[in-house]
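These notes concern the structure reproduced below.
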Amino acid sequence: MKISQLGEAPDYRFSLANERTFLAWIRTALGFLAAGVGLDQLAPSLATPAVREAISLLLCVFAGLLAVYGYLRWLRNEKAMRLKQDLPYTRTLLIVSIAMVVAAGTVALMVLYAG
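According to my numbering, the residues represented by the sequence shown are 136 to 250, in order.
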């Protein structure tokens, strides 16, 4: 069943807010993707090629997972709004925050020990 045929249409302001949140997830995914590509292509002296490529690959994979998760979250929220249910709770914000801290710490260590 199409999402537009499920329940009744919520207030357009809530649907637009849900779309803005989805786009924020996409922007975050693009940021991780840019970090992965940038680390691999623009910082050849930061670490050995194997380490640099592994970290770049992890950042790119995480970006793809975030993009998929953003869509799934949009879909769950849209369904909940259309069925007049509570919005689902997520722990993903904690996971993304931890991933960001790990990525920042790793890059900081690479910069510290590269020079």
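All C-beta atoms in this analysis are idealised placements derived from N, C-alpha and C, irrespective of residue type, glycine included.
So residue i and residue j are supposed to be a Cβ contact under 8 Å. How far apart are they, rounded?
| i | j | result |
| --- | --- | --- |
| Ala170 | Leu193 | No, Ala170 and Leu193 are not in contact; Cβ-Cβ is about 10 Å, not under 8 Å. |
| Phe149 | Met216 | 6 Å |
| Glu213 | Ile138 | 6 Å |
Sorted by chain position, which residues of the same chain lie with C-beta nearer than 6 Å to residue i's C-beta, five sequence neighbours on each side aside?
| i | result |
| --- | --- |
| Ala164 | Ala198, Leu201 and Ala202 |
| Leu218 | Gly142 |
| Tyr147 | none |
| Phe157 | Gly205 and Trp209 |
| Pro179 | none |
Could you tell me the boundaries of the alpha helix (DSSP H) in which residue i lies?
| i | result |
| --- | --- |
| Lys214 | Pro184 to Arg217 |
| Ile233 | Thr227 to Ala249 |
| Glu154 | Tyr147 to Leu177 |
Taking all protein chains shown into account, decide if residue i is buried (16 or more other Cβ within 10 angstroms of its Cβ) or exposed.
| i | result |
| --- | --- |
| Glu154 | exposed |
| Leu228 | exposed |
| Leu151 | exposed |
| Leu222 | exposed |
| Leu168 | buried |
Would you say residue i touches the ligand ATP, meaning its beta carbon is less than 7 Å from a heavy atom?
| i | result |
| --- | --- |
| Ala249 | Of the ligands one can find in the structure shown there are none, so the ligand ATP has no counterpart to examine. |
Once you ignore the five residues that flank residue i on each side, which residues in its own chain have a CB closer than 8 Å to its CB?
| i | result |
| --- | --- |
| Leu174 | Leu181, Arg187, Ile190, Ser191, Leu194 and Val242 |
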